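Be aware that the sequence shown starts at 0, since it is given in numbering that gives the first Met the number 0, and climbs by one per residue.
Here's the structure we're looking at; comments come further down.
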Amino acid sequence: MTNVDQTKIYAHRGAPCLLPENTLEGFAYSLELGVDGIELDVLLTKDNVPVVTHNHTLLPDTTRDANGKWLSEEGPLVRDLTLAELRQFDMGAIRPGTKYAAKFPNQKQLSGVPVPTLDEFLALVRDSGKPVELLVELKHRPEDDALTKPAEFADLVGKAIKAKGLQKQSFMHSFHWGLLDAAHKAHPEIRGSYLTALPKNGDAGTLYEGSPWLPPIGFDGRTTHLLQQLKAVGAAVWSPYHANLTTEARLAAQALGLGVIIWTATTPEDISRDLQSGVDGMITDDPATALTLRERLKNLES
0 MTNVDQTKIY AHRGAPCLLP ENTLEGFAYS LELGVDGIEL DVLLTKDNVP VVTHNHTLLP
60 DTTRDANGKW LSEEGPLVRD LTLAELRQFD MGAIRPGTKY AAKFPNQKQL SGVPVPTLDE
120 FLALVRDSGK PVELLVELKH RPEDDALTKP AEFADLVGKA IKAKGLQKQS FMHSFHWGLL
180 DAAHKAHPEI RGSYLTALPK NGDAGTLYEG SPWLPPIGFD GRTTHLLQQL KAVGAAVWSP
240 YHANLTTEAR LAAQALGLGV IIWTATTPED ISRDLQSGVD GMITDDPATA LTLRERLKNL
300 ES
């Protein structure tokens with residue numbers, strides 16, 4: 000049996016099973032739980048402020064306007080709003096009756112919750128005094144390169160992390176490998192976590208021949224080739240989707256000195272399986288359940 004106590008638990012966007020995702024309220028709760036790390040998403044506003052939010056546009060299922068009304072349709076791009084304009088929207092709840100609400104039926108409904116800035120989140124972590132690891136995901140697509148240069152995005156985020164003195168416990172985390180290469184050049188002291196996703200149900204994922212998410216050398220279908228590329232560019236972590244990972248691939252990555260952090264478990268069944276899979280870390284929507292299950296499995300091992 001694997002040593003489950005060695006598998007770190009990362010709170011995915013905070014704790015969306017109980018509190019709105021990517022909010023200071025959710026992050027504070029995760030810190031109080033005693034997680035090993037936090038995963039969060041970062042985008043840039045029109046005035047180049049890094050903010051903590053996942054979607055490039057404001058979604059009607061999770062966004063209310065200044066009057067407390069749900070958006071009737073997809074809202075503007077975050078990149079087209081200044082921070083002051085973005086702060087007019089409330090991100091504290093999920094619209095009842097939606098598929099997203101069904102996924103997180105126990106999530107609390109809050110009001111007056113703006114999108115936090117990256118600085119606010121980092122200050123929360125710093126002031127907590129907890130040595131949690133941070134997986135700071137830069138939400139940047141290859142088609143965004145013309146609008147926001149990867150090197151500029153990575154530099155802004157890296158400077159924010161270093162300004163709070165959190166570089167030793169942070170990772171730049173992204174599907175866009177070119178962006179991570181730029182981040183490594185600008186801020187080599189901040190480790191890189193390279194995300195991947197296999198094609199599934201019509202979604203192209205990021206691992207396919209000619210993928211713009213990967214460097215020019217690309218992907219030839221061999222996981223060993225992919226991992227060797229990561230080793231060559233100085234990656235610290237490989238972060239595949241949890242259902243894509245095989246034992247063979249996990250062992251190969253760890254043999255090269257790469258950490259393996261998988262995403263994203265939600266159900267107790269997935270969490271329990273992932274805790275016993277031999278990975279170095281797992282990202283989960285339900286960190287409270289993950290911590291409880293890890294302790295229970297640890298006691299069974301002893």
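Heads up, the beta-carbon is just placed ideally off N, CA and C, and yes, glycines get one too.
Treat the numbers as computed from the prediction; the structure is a model and nothing was measured.
Secondary structure of residue i, DSSP reduced to three states
i: SER110; result: coil
i: TYR207; result: coil
i: ASP60; result: coil
i: ALA264; result: strand
i: PHE26; result: helix
i: LEU165; result: coil
i: PHE152; result: helix
i: GLU188; result: coil
i: GLU136; result: strand
i: GLY258; result: strand
i: SER173; result: strand
i: LEU18; result: coil
i: VAL146; result: Before going on, a small fix: residue 146 reads as Leu here, not Val. Coil, per DSSP.
i: GLY217; result: coil
i: PRO95; result: coil
i: ASP46; result: coil
i: ASN105; result: coil
i: ASN298; result: helix
Opening and closing residue of the alpha helix (DSSP H) in which residue i lies
i: ALA100; result: 98-102
i: ALA251; result: 246-254
i: LEU84; result: Position check: residue 84 holds Glu in this sequence, whereas Leu was assumed. Looking at the DSSP string, the run of the alpha helix (DSSP H) that includes GLU84 is 82-85.
i: LEU229; result: 222-231
Residue interval of the beta strand (DSSP E) (run including residue i)
i: THR116; result: Per DSSP, THR116 belongs to no beta strand (DSSP E) and is neither H nor E.
Those residues which DSSP pairs with residue i across a bridge
i: GLY282; result: Checking the sequence, you will find Ile at residue 282 rather than Gly. In DSSP, ILE282 forms a bridge with TYR9.
i: LYS199; result: ASP202
i: SER127; result: In DSSP, SER127 forms no bridge with anything.
i: VAL51; result: VAL41
i: SER71; result: SER71 is not bridged to any residue.
i: PRO239; result: THR195
i: ASP89; result: ARG63
i: GLY36; result: TYR9 and GLU132
i: LEU121; result: Answer is none; LEU121 lacks a bridge partner.
i: LEU76; result: THR56
Environment of residue i [buried if 16+ CB atoms lie within 10 Å]
i: THR116; result: buried
i: VAL232; result: exposed
i: ASP47; result: Looking at the sequence provided, one finds Asn at residue 47 rather than Asp. It is exposed - the Cβ of ASN47 has fewer than 16 other Cβ atoms within 10 Å.
i: LEU250; result: exposed
i: HIS224; result: exposed
i: ILE216; result: exposed
i: LEU340; result: Residue 340 is absent from the model: the chain starts at 0 and stops at 301.
i: PRO286; result: buried
i: ASP126; result: exposed
i: ARG63; result: buried
i: PRO211; result: exposed
i: SER110; result: exposed
i: GLY91; result: buried
i: THR283; result: buried
i: GLN106; result: buried
i: PRO19; result: buried
i: PRO239; result: buried
Cα-Cα separation between residue i and residue j, rounded to whole angstroms
i: ALA213; j: ALA10; result: One detail in the question is off: residue 213 reads as Leu in this sequence, not Ala. Taking the straight line joining both Cα atoms gives about 26 Å.
i: LEU85; j: ASN298; result: 47 Å
i: TRP237; j: LYS138; result: 17 Å
i: LEU123; j: SER301; result: 36 Å
i: ARG272; j: LEU296; result: 11 Å
i: ASP89; j: PRO104; result: 19 Å
i: GLY33; j: MET281; result: 15 Å
i: ASN200; j: SER276; result: 25 Å
i: THR81; j: LYS45; result: 5 Å
i: SER71; j: ARG221; result: 45 Å
i: LYS167; j: LYS161; result: 9 Å
i: HIS186; j: TRP69; result: 40 Å
i: PHE170; j: LYS158; result: 13 Å
i: VAL50; j: ALA264; result: 24 Å
i: PRO198; j: ALA181; result: 26 Å
i: GLY256; j: SER192; result: 13 Å
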